[in-house]
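In the UniProt record's numbering, the protein residues as written are 1 to 94.
C-beta atoms are modelled at their ideal positions from N, C-alpha and C, and glycine is treated no differently.
A quick write-up on the structure given underneath.
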């Protein structure tokens with residue numbers, strides 16, 4: 001019997017993707033926001049597709065700022081971290 005693949009909606013593209021193809025962004029009650037590559041940390045999670053074009057477009061249109069309610073200065077390192085993790089995953093494992 002096939003296992004069900006969990007799907008989540010990307011907040012950048014509004015498309016459903018398998019959970020493994022997404023990065024989780026967590027915002028906490030304390031007002032912190034960070035990238036959670038493991039997907040297990042406490043807090044409200046939002047998912048972002050691992051696609052450089054989508055992330056760059058979202059940065060221009062300030063999608064995360066509008067969705068998560070943080071200012072541009074707070075989320076600038078989050079965009080950088082997302083891009084860094086996408087690049088790291090693209091490097092072939094040796």
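Pull the bridge partners of residue 7 from the DSSP assignment, please.
Bridge partners of residue 7: 18.
DSSP state of residue 71 mapped onto helix, strand, coil
Residue 71 carries a coil assignment under DSSP once its states are collapsed to helix, strand and coil.
Measure the CB-CB distance between residue 78 and residue 25 and report whether it falls below 8 Å.
Their beta carbons are under 8 Å apart, which means residue 78 touches residue 25 by this criterion.
Contact belief for residue 33 with residue 74 at Cβ below 8 Å, rounded distance in angstroms:
Between residue 74 and residue 33 the Cβ distance is about 6 Å, and since that is below 8 Å, they are a contact.
What residue does the beta strand (DSSP E) around residue 38 start on, and which one ends it?
Taken as a continuous stretch (DSSP letters only), residue 38 belongs to no beta strand (DSSP E), as it is neither H nor E.
Within 10 angstroms of its Cβ, does residue 87 collect 16 or more other Cβ (buried), or is it exposed?
By the beta-carbon neighbour count (other beta carbons within 10 angstroms, threshold 16), residue 87 is exposed.
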